[in-house]
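Numbering (this note's numbering), first residue to last: 595 to 837.
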């Protein structure tokens, strides 16, 4: 565990990620490219949904990452509360815009998928509604960081907001299980063979999910490095003003 905490040191984090980031970025590009090309060009149309089923290769990974990005922010926020490591707070801040974009992609692709299936772009379905609320929490989280001048105070307040918003992240994941009503289908990836996606779509979907995960990691590492540099710059400017 002690070896893990060493990466909370900004210098150690920057040294490690300078090597790790290019590797993750290349893997993300290769994996995502393979999954999307396979899914869009080498899988058949669905017998009911036609070509629109291929939206699954963007919608499902984006929706998973929208939820898991917030849960990652929750973990790093708790680390900030307990250990007061600035890298963890900056990592949470770095992940927020990425998670917000993933949520927006999930909402947009869901609307495109829903229109031919449901006859409408939007319905106040439990999962759709909880996802919309999650998107608003992302907006609020980002705005709170920008509105507070003190970095530590901003980290404290956004961590509290992150804990509250985690309720909606979980609701977004399990809303279909909590409420029977609603238009949204069950999970595309399930241990239940009757609900799981058909085998022909399954492997490229898993590859796309892996690609989105790697893309998220690469973007978080890149943005966290930027946040650390910005924090250092602010410290230097404050030091010069005091001198």
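Even glycine gets a Cβ: it sits at the ideal position worked out from N, Cα and C. Since the model is a prediction, treat every value here as computed from it, not as a measurement.
- With contacts defined by Cβ atoms closer than 8 angstroms, residue 700 and residue 731 do not form a contacting pair.
- About 5 angstroms separates the beta carbon of residue 625 from that of residue 804, a gap short enough to meet the 8 angstroms contact definition.
- Following the DSSP letters along the chain, one finds residue 680 inside the alpha helix (DSSP H) bounded by residues 680-712.
- In the pairwise beta carbon analysis, the region 795-804 is classified as touching the region 640-660: at least three pairs are separated by under 8 angstroms.
- When the Cα atoms are used, residue 604 and residue 830 turn out to be separated by approximately 15 angstroms.
- In the three-state reduction of the DSSP assignment, residue 793 falls in the helix class, which pools H, G and I.
- The residue among 631, 663, 664 with its C-alpha nearest the C-alpha of residue 648 is 631.
- If you draw a straight line from the Cα of residue 747 to the Cα of residue 832, it is about 17 angstroms long.
- In the DSSP assignment, the residues bridged to residue 640 are 644.
- Taking a cut-off of 8 angstroms on C-beta distances, the region 709-718 does not touch the region 740-756, as fewer than three cross pairs fall below it.
- For residue 717, no alpha helix (DSSP H) encloses it, and the DSSP letter there is neither H nor E.
- Residue 744 carries a coil assignment under DSSP once its states are collapsed to helix, strand and coil.
- DSSP places residue 661 in the uninterrupted alpha helix (DSSP H) bounded by 650-677.
- From the listed residues 723, 689, 606, the smallest Cα separation to residue 762 is found for 723.
- A buried status is given to residue 721, since no fewer than 16 other beta-carbon atoms sit within 10 Å of its beta-carbon.
- About 5 angstroms separates the beta carbon of residue 813 from that of residue 692, a gap short enough to meet the 8 angstroms contact definition.
- Leaving aside the five residues that flank residue 682 on each side, the residues in its chain whose CB is nearer than 6 angstroms to its CB run, in chain order, 670, 673, 674.
- In chain order, 805, 808, 809, 812 place their CB closer than 7 angstroms to the CB of residue 622, counting only its own chain and leaving out the 5 sequence neighbours on each side.
- At least 8 angstroms separates the beta-carbon of residue 607 from that of residue 797.
- Close CB contacts of residue 629 within its chain, under the 6 angstroms cut and outside five residues either way in sequence, are with 798, 801, 802, 805 (chain order).
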